[in-house]
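*Asks:* Keeping their order, the protein sequence lines are chains A and B.
Numbered according to our numbering, the first sequence spans residues 9 to 66.
Numbered according to our numbering, the second sequence spans residues 12 to 180.
Ideal Cβ placement from N, Cα and C applies to all residues, glycine included.
My structure is below; once you've seen it, I'll send some questions.
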Amino acid sequence: MPLMFIPAAVGLVTSWNIIRPKLLAYAAITVISTLLVMLVSGYVTDWMLKGEKKGEDK
Amino acid sequence: MRFFENSVFFGVTISIVAYGVGCVLKDKLKMDIFNPVLISIVAVIAVLACAHIDYDVYYSGAQYLSYLLTPATVCLAVPLYEKIELLKEHWKAIVAGILSGVLTTLLCVLAMSLIFGFSHEEYVTFLPEVYYYGDWNGRIGRTWWIRNDYRCNHYYYRSTGQYYCTVCV
Numbered sequence: 009m010p011l012m013f014i015p016a017a018v019g020l021v022t023s024w025n026i027i028r029p030k031l032l033a034y035a036a037i038t039v040i041s042t043l044l045v046m047l048v049s050g051y052v053t054d055w056m057l058k059g060e061k062k063g064e065d066k
Numbered sequence: 012m013r014f015f016e017n018s019v020f021f022g023v024t025i026s027i028v029a030y031g032v033g034c035v036l037k038d039k040l041k042m043d044i045f046n047p048v049l050i051s052i053v054a055v056i057a058v059l060a061c062a063h064i065d066y067d068v069y070y071s072g073a074q075y076l077s078y079l080l081t082p083a084t085v086c087l088a089v090p091l092y093e094k095i096e097l098l099k100e101h102w103k104a105i106v107a108g109i110l111s112g113v114l115t116t117l118l119c120v121l122a123m124s125l126i127f128g129f130s131h132e133e134y135v136t137f138l139p140e141v142y143y144y145g146d147w148n149g150r151i152g153r154t155w156w157i158r159n160d161y162r163c164n165h166y167y168y169r170s171t172g173q174y175y176c177t178v179c180v
């Protein structure tokens with residue numbers, strides 16, 4: 009399945025002129041938002057699961 | 012070489028070969044940053060740039076790989092279904108996780124777009140797509156609802172590569 013993402017990703021070359029001036033900003037927004045979403049949804053799910061376990065113990 | 016370039020199999024072949032090289036390199040290097048997808052993307056771009064091959068020529072073959080992506084995504088529902096009991100049991104935690112993740116990405120993209128002073132076009136590009144559809148003209152439409160009073164329609168013609176918007180562009 010990862011194979012199928014290659015053509016779309018190579019398509020970045022067609023918009024290279026748009027991307028180049030703001031490359032750093034685009035990279036930052038992608039990396040930071042990805043990390044943040046992983047952390048937030050991970051911790052929220054974990055927190056909810058712990059809450060479920062506590063409810064069972066009572 | 013010209014004959015090979017014009018072949019429909021060119022895009023598919025180069026993608027698969029690049030991915031194979033990527034897999035071999037990953038095994039050799041054993042570093043997460045060198046994942047097969049990243050290596051193959053860089054390799055394909057390098058080959059296209061060095062041989063002065065247009066992206067459209069590559070895509071005329073590679074589109075068949077992209078085409079398979081949609082059914083492959085649907086197939087992801089199968090492993091999900093195998094865990095259906097687990098999902099049912101913890102549905103509250105799962106829903107909470109999804110909602111918090113969606114809210115985080117929306118707020119994060121909004122905040123950073125304001126910081127970097129992005130235009131509306133750039134801003135919506137980073138938003139996850141809320142609603143995605145195709146019609147019989149071969150257009151792929153994307154619609155975002157950002158605020159209640161605001162609606163934006165983007166169309167992208169897959170056949171011609173043209174892009175237009177009924178509201179904002």
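1. Can you have a look at Gly149(B) and say buried or exposed, based on whether 16 or more other CB atoms are within 10 angstroms of its CB?
2. Are any of the Cβ atoms in chain B nearer than 8 Å to that of Val21(A)?
3. With 8 Å as the threshold, decide whether the Cβ of Pro29(A) is near any Cβ in chain B.
4. Put Ile126(B) into one of helix, strand or coil per three-state DSSP.
5. At the 8 Å Cβ level, is Ala35(A) part of the contact set with chain B, yes or no?
6. Since Ser77(B) is in the alpha helix (DSSP H), which residue starts that stretch and which ends it?
7. For Lys61(A), which of helix, strand or coil comes out of DSSP?
8. Please state whether DSSP places Ser111(B) in a helix, a strand or coil.
9. With a threshold of 8 Å between beta carbons, is Ser18(B) in contact with chain A?
10. Against chain B, which members of the segment 41 to 56 of chain A pass a CB distance test of less than 7 Å?
11. From the DSSP output, in three-state form, read off Asp43(B) for me.
12. Determine the direct distance from the alpha carbon of Gly59(A) to that of Val18(A), and round the result to whole angstroms.
13. Using a 10 Å radius around the Cβ and a threshold of 16 neighbouring Cβ atoms, would you call Ser23(A) buried or exposed?
14. Is there a Cβ of chain A sitting closer than 8 Å to that of Arg150(B), yes or no?
15. Which stretch, first to last residue, makes up the alpha helix (DSSP H) that contains His131(B)?
16. Nearest to Tyr51(A) by alpha carbon, out of Leu59(B), Thr115(B), Leu98(B) and Tyr70(B)?
17. Below 6 Å CB to CB, which residues in the same chain sit around Ile157(B) once its five sequence neighbours on both sides are set aside?
18. With 16 as the cutoff for other CB atoms within 10 Å, does Gly72(B) come out buried or exposed?
19. If we define contact as Cβ-Cβ less than 8 Å, is Cys119(B) a contact residue for chain A?
20. In three-state terms, what does DSSP make of Ala62(B)?
*Replies:* Here's the rundown:
1. Reading the second sequence from its first residue, position 138 is the one you call residue 149(B). Caution is warranted here: a pLDDT of 46 is assigned to Gly149(B), below 50, making its placement in the model unreliable, and the coordinate value is therefore given only provisionally. Gly149(B) is exposed by the Cβ-count criterion.
2. Here residue 21(A) is taken as the residue at index 13 of the first sequence, counted from 1. Closer than 8 Å to some Cβ of chain B, the Cβ of Val21(A) qualifies, so yes.
3. Translated into positions along the first sequence, residue 29(A) becomes position 21. Pro29(A) does not count as touching chain B.
4. For this step, residue 126(B) is matched to residue 115 along the second sequence. Helix, per DSSP.
5. To locate residue 35(A), count along the first sequence from 1; it is residue 27. Not one chain B Cβ lies under 8 Å of Ala35(A).
6. If you number the second sequence from 1, residue 77(B) lands on position 66. That run of the alpha helix (DSSP H) goes Tyr66 to Cys86.
7. In the first sequence, counting from the first residue as 1, residue 61(A) sits at position 53. In the structure shown, Lys61(A) sits in a helix (DSSP, three-state: H, G or I).
8. The sequence position of residue 111(B) within the second sequence is 100, counting from 1. In the three-state DSSP reduction, Ser111(B) falls in the helix class (H, G or I).
9. Start at 1 with the first residue of the second sequence, and residue 18(B) comes out as number 7. So no, Ser18(B) is outside the interface.
10. Ser41, Leu44, Val45, Val48, Ser49, Val52, Thr53 and Met56
11. For the purposes of this step, residue 43(B) is taken as the residue at position 32 of the second sequence. Collapsing the DSSP output to three states places Asp43(B) in coil.
12. Sequence index remark: in the first sequence, residue 18(A) carries index 10 (1-based). Sequence index remark: in the first sequence, residue 59(A) carries index 51 (1-based). Between Val18(A) and Gly59(A), the C-alpha separation is close to 44 Å.
13. For the purposes of this step, residue 23(A) is identified with residue 15 of the first sequence, where counting begins at 1. Burial call: exposed.
14. For the purposes of this step, residue 150(B) is taken as the residue at position 139 of the second sequence. The predicted position of Arg150(B) is uncertain, since its pLDDT is 46 and thus under 50; no value can be drawn from it.
15. Taking the first residue of the second sequence as 1, we reach residue 131(B) at position 120. Its alpha helix (DSSP H) spans residues His131 to Phe137.
16. To locate residue 51(A), count along the first sequence from 1; it is residue 43. Ranking the options by Cα distance to Tyr51(A), first place goes to Thr115(B).
17. Reading the second sequence from its first residue, position 146 is the one you call residue 157(B). Note that Ile157(B) scores a pLDDT of 37, beneath 50, so its modelled location is shaky; the value from the coordinates is reported in the next line. Result list for Ile157(B): empty, nothing under 6 Å.
18. Your numbering for residue 72(B) matches position 61 in the second sequence. Label assigned to Gly72(B): buried.
19. Here residue 119(B) corresponds to residue number 108 of the second sequence, with the count starting at 1. So, interface residue.
20. Numbered from its first residue, the second sequence carries residue 62(B) at position 51. In this structure, DSSP gives Ala62(B) a state outside helix and strand, which the three-state scheme calls coil.
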